[in-house]
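Trainee:
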Amino acid sequence: MDGRLPLWSDDRGSVRRGRQAWSTPAVLLVALVVGSGCGTTSLKEYVHNGLKLGPNYGRPPAPVAPAWIEAENPAVRNAPLESDDWWSVFSDPTLTTLIQRSYEQNPTLRVVGARVLEARAGQAIAVGNIFPQSQQALGSYARVNLSPNLPPFNSLAAALPANSVPLSFSNWFFGFNLSWELDLWGRIRRNVESTNATLDASVEDYDAALVTLFADIASNYVQYRVSQQRIKIAQSNVQIQEQVLSLADQKFRVGTTTRLDVEQAKTVLEQTRSTIPALQIQLGQANDALCILLGTPPHDLEPELGPGADLGGSPVPNTPTWVATGIPADLLRRRPDIRSAERQVAAQSAQIGVAEADLYPTLFINGTIGWDAEDFSKAFSTKSFLGLLLPGFRWNVLNYGRIQNNIHLQQARTEELIATYQSRVLSAGREVQVSLRGFLRSQEQTESLRRSVEAAAAASQVGLSQYKTGTIDFNRVFNLETTQVQQQDRLATAQGEIALNLISVYRALGGGWEYRLREAETPATMPAPPSAVATPVAAPRPAAPPEPVRIPEGLDDPSRPSPVEEPARPEPADALPPALP
Numbered sequence: 028m029d030g031r032l033p034l035w036s037d038d039r040g041s042v043r044r045g046r047q048a049w050s051t052p053a054v055l056l057v058a059l060v061v062g063s064g065c066g067t068t069s070l071k072e073y074v075h076n077g078l079k080l081g082p083n084y085g086r087p088p089a090p091v092a093p094a095w096i097e098a099e100n101p102a103v104r105n106a107p108l109e110s111d112d113w114w115s116v117f118s119d120p121t122l123t124t125l126i127q128r129s130y131e132q133n134p135t136l137r138v139v140g141a142r143v144l145e146a147r148a149g150q151a152i153a154v155g156n157i158f159p160q161s162q163q164a165l166g167s168y169a170r171v172n173l174s175p176n177l178p179p180f181n182s183l184a185a186a187l188p189a190n191s192v193p194l195s196f197s198n199w200f201f202g203f204n205l206s207w208e209l210d211l212w213g214r215i216r217r218n219v220e221s222t223n224a225t226l227d228a229s230v231e232d233y234d235a236a237l238v239t240l241f242a243d244i245a246s247n248y249v250q251y252r253v254s255q256q257r258i259k260i261a262q263s264n265v266q267i268q269e270q271v272l273s274l275a276d277q278k279f280r281v282g283t284t285t286r287l288d289v290e291q292a293k294t295v296l297e298q299t300r301s302t303i304p305a306l307q308i309q310l311g312q313a314n315d316a317l318c319i320l321l322g323t324p325p326h327d328l329e330p331e332l333g334p335g336a337d338l339g340g341s342p343v344p345n346t347p348t349w350v351a352t353g354i355p356a357d358l359l360r361r362r363p364d365i366r367s368a369e370r371q372v373a374a375q376s377a378q379i380g381v382a383e384a385d386l387y388p389t390l391f392i393n394g395t396i397g398w399d400a401e402d403f404s405k406a407f408s409t410k411s412f413l414g415l416l417l418p419g420f421r422w423n424v425l426n427y428g429r430i431q432n433n434i435h436l437q438q439a440r441t442e443e444l445i446a447t448y449q450s451r452v453l454s455a456g457r458e459v460q461v462s463l464r465g466f467l468r469s470q471e472q473t474e475s476l477r478r479s480v481e482a483a484a485a486a487s488q489v490g491l492s493q494y495k496t497g498t499i500d501f502n503r504v505f506n507l508e509t510t511q512v513q514q515q516d517r518l519a520t521a522q523g524e525i526a527l528n529l530i531s532v533y534r535a536l537g538g539g540w541e542y543r544l545r546e547a548e549t550p551a552t553m554p555a556p557p558s559a560v561a562t563p564v565a566a567p568r569p570a571a572p573p574e575p576v577r578i579p580e581g582l583d584d585p586s587r588p589s590p591v592e593e594p595a596r597p598e599p600a601d602a603l604p605p606a607l608p
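Residue 584 in the working numbering sits at position 557 of the sequence shown, and the numbers go up by one each step.
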């Protein structure tokens, strides 16, 4: 023995264990009764929920229509949406290449991909808190020299033989500390539920970013092609109108017409020319938007994209006349933004249980085991072993309503997110209806404009022939040419609107995010189709950006069940907090 008292004796340990045996159950029972009297989870619900406070989550109901308004139209098919590569319906290999490049290079995907990694790390931290929250390995050495002039050594020195009281000694210690909060009320487990749902929501946000990215790429590509087509039409009409001006000038010089015809021909010619710079501005805006979406600095894409459709053709070839939409209820499982909103409700609902746990005492166990000796040679001997066990609890009994009001706060936030989720479902349904209506009506408009352009071209040719023979004056030719230019430009715009509205349909239906599941099963870079690389690239492509952040392994498994795969069901009375007045 080195003169120091043991950390505890058998008698004291038996007393403590006896006190622990009856005091801990009593404290827990009193706490649960007192807490249930505060209007939180009852004892029956606590047991039913798996010894966890707070409500068990159930997906809130969502208002969906039984069918689309345009469902009776033969162009709207009730088949499931094949949306993993919906852009393939345009049969445009250049567009497919742009989609692939944007998936590899877009910086926005890196942002939301990093957020998934953040959420996964947070979820792992929450799971780790189920186990002892603190464990440390300890070690120390101390050399102690005590003064003989301090009590009690000065008194002992006079009563005992000289050098009989050791005033100098060494101390070697090696051991482990542990601190563990016991999750009796489910606070830690509810927090794990919350972080699980937050991780799901971050994955859905990544998918929503994919839906937006692919739709934006396709929309800007269509606008680029439409602008190219409208510029071609304007340039072709300028050439025709230059010939008409030359004819009017010749007739004026020989005296068969007045100068008015010449000035009218100049007017229509310059009016058509003035539209070209405005169309070039639109072309440049679509070009720059595509560059940003591709993750590259703005540069001219024409060497890569090519000249577009031939004059008179559709700016986006092979636009289908029908679309498969499924039923409105499919939006709940297909649109990532809706699924993200639902997962946010689940995450917040679990926070109610976390807040309720603060009403009850927190039980914890602190302990230390190790070896303590004066001589290093004896440091790890059996007699040098020591241990310390300190169970206890902490209870915020005087909180002045802060805990109860925090519970109300979490309930109100849950109600807010439920309303946001239901509003998101309503908005999604409206977006589908609007885009479907636009897709169908724009086809009807384009067909009428096509007939109008054919009639205007025929009338313009007849009018020009009659003007040459002097049958009609130039005023009729002026009106006919103006009408032809306007109708041709409107037709090119309407052809693009069909494609843009179809893209909006796929965007509203949440199409395209499944592309990452297909990419996870194939090499990261797919070779472009031959027709997509047939046009030589005049300028070198900018340096490739850093490798994009992808969905973490295991989260992109297509077999992973969707958090909202099941149809909506009525909510149990105790699943979510009642609406606040």
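We treat Cβ as the ideally placed atom computed from N, Cα and C, and that holds for glycine.
Note that the structure is predicted; figures quoted are calculated from it, not measured.
(1) What's the call for Ala-106, buried or exposed, on a 16-neighbour Cβ count within 10 Å?
(2) Expressed to the nearest angstrom, what Euclidean distance is found between the alpha-carbon atoms of Glu-458 and Leu-338?
(3) In whole angstroms, what separates the C-alpha of Phe-420 from that of Leu-390?
(4) Output the boundary residues of the alpha helix (DSSP H) element that contains Arg-445.
(5) Going by C-alpha distance, which of Arg-280, Thr-302, Ser-69 and Gly-490 is nearest Ala-261?
(6) With a threshold of 8 Å on Cβ separation, who are the neighbours of Leu-310 within its own chain once the five nearest residues in sequence on each side are excluded?
(7) Between Ala-368, Asp-234, Asn-433 and Arg-104, which lies nearest to Leu-136 when the distance is taken from Cα to Cα?
(8) One question on the structure: do Gly-149 and Thr-222 come within less than 8 Å of each other, judged by their Cβ atoms?
(9) Could you compute how far the alpha carbon of Leu-287 sits from the alpha carbon of Ser-487?
(10) Near Ala-526, which residues of its chain fall below 6 Å by C-beta distance, leaving aside the five closest residues on each side in sequence?
(11) Using 8 Å as the threshold, is the C-beta distance between Gly-537 and Leu-358 below it?
(12) Measuring alpha carbon to alpha carbon, tell me which of Ile-392, Asp-399 and Glu-383 ends up nearest Asn-433.
(13) Is Arg-252 helix, strand or coil when you go by DSSP?
(14) Looking at the structure shown, is Val-424 part of a helix, part of a strand, or coil, going by DSSP?
(15) Does DSSP put Gly-538 in a helix, a strand or coil?
(16) Looking at the strands, I want to know which residues DSSP matches up with Tyr-130.
(17) In chain order, what residues of the same chain lie with their CB nearer than 6 Å to the CB of Trp-422, ignoring the 5 residues before and after it?
(18) Just list the residues that DSSP pairs Ser-200 with in beta bridges.
(19) Mapping DSSP to helix, strand and coil, what is Ile-96?
(20) Please confirm whether Leu-125 and Ile-244 have their CB atoms less than 8 Å apart.
(21) Quick check on the DSSP output: the alpha helix (DSSP H) that includes Tyr-73 runs from which residue to which?
(22) Helix, strand or coil: which one does DSSP assign to Ile-499?
(23) Measuring straight from C-alpha to C-alpha, what distance separates Ala-519 and Ser-341?
(24) On the three-state DSSP scale, how would you describe Leu-415?
(25) Identify the continuous alpha helix (DSSP H) that holds Gly-380 and give its terminal residues.
(26) Over the uninterrupted alpha helix (DSSP H) stretch that includes Ile-303, give me the two end residues.
(27) State the DSSP-derived secondary structure class of Gln-160, mapped to helix, strand or coil.
(28) Below 8 Å between beta carbons: does that hold for Arg-451 and Gln-375?
(29) Enumerate in chain order the residues of its own chain whose CB-to-CB distance from Asn-528 is below 7 Å, with the five nearest sequence positions on each side excluded.
(30) Counting Cβ pairs, one atom from each stretch, are 3 or more of them under 8 Å apart for the region 163-171 and the region 365-374?
(31) Is it true that the CB of Ile-215 sits closer than 8 Å to the CB of Asn-156?
(32) Looking at the structure shown, is Glu-208 part of a helix, part of a strand, or coil, going by DSSP?
(33) In terms of residue numbering, what span does the alpha helix (DSSP H) encompassing Glu-331 cover?
(34) Roughly how many angstroms separate the alpha carbons of Gln-298 and Ala-484, rounded to a whole number?
(35) When the Cα atoms are used, what is the spatial distance from Gln-437 to Gly-456?
(36) Could you tell me the distance, in whole angstroms, from the CA atom of Trp-212 to the CA atom of Asp-385?
Mentor: According to the data block:
(1) exposed
(2) Going by the C-alpha atoms only, they are around 33 Å apart.
(3) 4 Å
(4) The residue you asked about is not Arg; residue 445 is Ile in the sequence shown. Element bounds for Ile-445: 429-495.
(5) Thr-302
(6) Correct list, in chain order: Tyr-251, Ser-254, Gln-255 and Ile-258.
(7) Asp-234
(8) Their beta carbons are under 8 Å apart, which means Gly-149 touches Thr-222 by this criterion.
(9) 19 Å
(10) Val-249, Val-343 and Thr-346
(11) yes
(12) Glu-383
(13) helix
(14) coil
(15) If DSSP states are grouped into helix, strand and coil, Gly-538 belongs with coil.
(16) In DSSP, Tyr-130 forms no bridge with anything.
(17) Pro-388
(18) In the sequence as displayed, the identity of residue 200 is Phe instead of Ser. Answer is Ser-167 and Asp-399, bridged to Phe-200.
(19) coil
(20) yes
(21) 70-75
(22) Here Ile-499 sits in coil by DSSP.
(23) 7 Å
(24) strand
(25) Start and end: 363-384.
(26) 286-320
(27) In the structure shown, Gln-160 sits in coil (DSSP, three-state: anything other than H, G, I, E or B).
(28) no
(29) Ser-462, Gly-465, Phe-466 and Ser-469
(30) Contact between the region 163-171 and the region 365-374 is not established, with fewer than three Cβ pairs separated by less than 8 Å.
(31) Taking C-beta atoms as the reference points, Asn-156 and Ile-215 count as a pair closer than 8 Å.
(32) Of the three classes helix, strand and coil, the one that applies to Glu-208 here is strand, per DSSP.
(33) If you look at Glu-331, you'll find it in the alpha helix (DSSP H) that goes 329-332.
(34) Computed Cα separation, rounded: 18 Å.
(35) C-alpha separation (whole angstroms): 29 Å.
(36) Each residue's Cα considered, the two are about 9 Å apart.
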